[in-house]
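Working notes for the structure below.
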């Protein structure tokens, strides 16, 4: 059973876990939950206790292994994000 965010995002995209891990986006050294760049989009898969990272306009795209997968489009400017 997949338990890490990169595994769950890889399952959603049909990618290998290493392909997802290589795209880790780190605005800070210890950001949690992790944000991954896959193709031309950002993905995140927080646990129930984690909040979505700010600065992105997230939309839910799936649910696997009791965790939600979110996608953000980088084409949308940060000015459009409602906090």
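Residue numbers (the numbering used here): 1438 to 1520. Don't be surprised by glycine CBs; every beta carbon is placed ideally from N, CA and C. Since this is a predicted model, take the numbers as computed values, not measurements.
So for residue i, helix, strand or coil by DSSP?
i            : result
residue 1447 : helix
residue 1455 : helix
residue 1485 : coil
residue 1442 : helix
residue 1478 : strand
Buried or exposed: residue i, going by 16 or more other Cβ atoms within 10 Å of its Cβ?
i            : result
residue 1490 : buried
residue 1508 : buried
residue 1473 : buried
residue 1471 : buried
residue 1392 : What the structure shows of the chain is the stretch from 1438 to 1520, and residue 1392 is not part of that stretch, so it cannot be assessed.
Assuming residue i contacts residue j (C-beta within less than 8 angstroms), just tell me the rounded distance between them.
i            : j            : result
residue 1446 : residue 1480 : 5 angstroms
residue 1475 : residue 1457 : 6 angstroms
Under the DSSP definition of a beta bridge, which residues are partnered with residue i?
i            : result
residue 1505 : 1500
residue 1493 : In DSSP, residue 1493 forms no bridge with anything.
Give a yes or no on whether 8 angstroms exceeds the smallest Cβ distance from residue i to chain B.
i            : result
residue 1477 : Any reference to chain B falls outside this structure, which holds one protein chain only.
Closer than 8 angstroms is the cut-off here; do at least three beta carbon pairs connect the stretch 1496-1512 with the stretch 1470-1488? yes
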